[in-house]
Amino acid sequence: MKNNQASGTLVDASDSSVERITEKGVKTSAGEIELDMIVYSTGFDPVTGALNRIDIRGEGGQRRKAKWEDGPHTYLGMQTVGCPNRLTIVGPCNGTPA
């Protein structure tokens, strides 16, 4: 288990496999962990996931995925520096309400 904040604990499922959900929490190969809440995370990326699966290249052949390694950077949420004439109507950083 790894501490996330003082009020909670982050459990890395790669350390011990989950066997089942119980009335009190989760039973793993290392023992039972009593929980108030279970949050399932699949690694889904709603902001840049679909855009990064397309091999978009800008000026000089630079891949946008590489350019966004530290997070998306856009102009007005619609255009990426180095990718002229490539507009993203509903993409990262554009302020569209979810």
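Counting from 1, position 9 in the sequence shown corresponds to residue 1105 in my numbering; the numbering is continuous, with no gaps. Idealized CB from N, CA, C, for every residue including glycine. Note that the structure is predicted; figures quoted are calculated from it, not measured.
Notebook entry, point to check: Bridge partners of Gly1121, per DSSP?
Noted result: Glu1130
Next item on the list: Following the continuous alpha helix (DSSP H) through Leu1147, name the residue where it begins and the one where it ends.
Entry: Gly1145 to Asn1148
Check: Can the beta-carbon of Leu1106 be found closer than 8 Å to that of Gly1121?
Finding: no
Note to self: I need the DSSP call for Glu1165, collapsed to helix, strand or coil.
What the structure shows: coil
Item checked: Exposure of Arg1266, with buried meaning 16 or more beta-carbon neighbours within 10 Å -> Outside the modelled stretch of the chain, which goes from 1097 to 1194, sits residue 1266, for which no answer is possible.
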